[in-house]
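Chemist:
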Amino acid sequence: MRKVMTRPRPRPTASRPPAGRPPTRRDSRRPTDRRPLTVPAQPPPHPTEVFAERLLLVLSGQRPLHWAARHIANTAYDDLARLAELSPLRTGGHRPTIHRIGHYQPHPEAYEVFARVATGPRLRALAFRLALGADRKWRCTAVETDPKRH
12 MRKVMTRPRP
22 RPTASRPPAG
32 RPPTRRDSRR
42 PTDRRPLTVP
52 AQPPPHPTEV
62 FAERLLLVLS
72 GQRPLHWAAR
82 HIANTAYDDL
92 ARLAELSPLR
102 TGGHRPTIHR
112 IGHYQPHPEA
122 YEVFARVATG
132 PRLRALAFRL
142 ALGADRKWRC
152 TAVETDPKRH
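Numbers in this note's numbering are just positions in the sequence shown, counted from 1, shifted up by 11.
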């Protein structure tokens, strides 16, 4: 049994010039460093993180359901369609964000994922299951949110 908790990755920031002087101006008192600014390479995001973001956008009403349709298997699409109509993660002005995410891997071709979603001052629950298909692509096979608002 393997249970993993992760935090959302910080988004990479664009490289910025050093503070205090414009990028085109040269300071003769400082030695020039010709090395280019590089952002350290990050490993690709885990499939659970990618799909949690997709679900968040659909369930908050920011994206339509068909935007994630190819990543959802059979009956889970119907369940997600019912949930999307209710927009359980929609808030009045606050953009929902993934506060914490974790997963459990019952076998090598499946993940059971649980996430806490911050919707303003409240934390909401989101759970879904990912399964690896015959084409070696991850698809959602089940999705649930906390039942308080339904």
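Using N, Cα and C, we set each Cβ at its ideal position, and we do this for glycine too.
This structure is a prediction, so every number in the text was calculated from the model and none was measured.
In whole angstroms, what is the alpha-carbon distance linking R7 and L134?
Modeler: Residue 7 cannot be examined here, being either before or after the span of the chain that is shown, 12 to 161.
Chemist: Compute every distance between the C-beta of L137 and the non-hydrogen atoms of the ligand FMN, then say whether any falls below 6 angstroms.
Modeler: The ligand content of the structure shown is nil, which means the ligand FMN is not present either.
Chemist: Is the CB-CB distance between T102 and G131 below 7 angstroms?
Modeler: Position 91 of the sequence shown, counting from 1, holds the residue named residue 102. Position 120 of the sequence shown, counting from 1, holds the residue named residue 131. Yes, these two residues count as a Cβ contact at 7 angstroms.
Chemist: Express the C-alpha separation of Y115 and A129 in angstroms, rounding to a whole number.
Modeler: For the purposes of this step, residue 129 is taken as residue 118 along the sequence shown, with counting starting at 1. For the purposes of this step, residue 115 is taken as residue 104 along the sequence shown, with counting starting at 1. Straight-line Cα distance between these residues: approximately 21 angstroms.
Chemist: Could you spell out where the beta strand (DSSP E) holding V50 opens and where it closes?
Modeler: For the purposes of this step, residue 50 is identified with residue 39 of the sequence shown, where counting begins at 1. In the DSSP annotation of this structure, V50 is not part of any beta strand (DSSP E), being labelled neither H nor E.
Chemist: Please list the terminal residues of the continuous alpha helix (DSSP H) segment that includes P58.
Modeler: Here the question's residue 58 lines up with position 47 in the sequence shown. Where P58 is concerned, the enclosing alpha helix (DSSP H) stretches over 58–70.
Chemist: Hey, how far is the Cα of H105 from the Cα of L68?
Modeler: Indexing the sequence shown from 1 puts residue 105 at position 94. Indexing the sequence shown from 1 puts residue 68 at position 57. The alpha-carbon atoms of H105 and L68 are separated by roughly 13 angstroms.
Chemist: Could you give the DSSP three-state label for A129: helix, strand or coil?
Modeler: As a first step, residue 129 is located in the sequence shown; it is residue number 118 there, counting from the start. If DSSP states are grouped into helix, strand and coil, A129 belongs with the strands.
Chemist: Is it the case that the Cβ atoms of A87 and T152 are separated by a distance below 7 angstroms?
Modeler: To locate residue 87, count along the sequence shown from 1; it is residue 76. To locate residue 152, count along the sequence shown from 1; it is residue 141. Going by C-beta atoms, A87 is nearer than 7 angstroms to T152.
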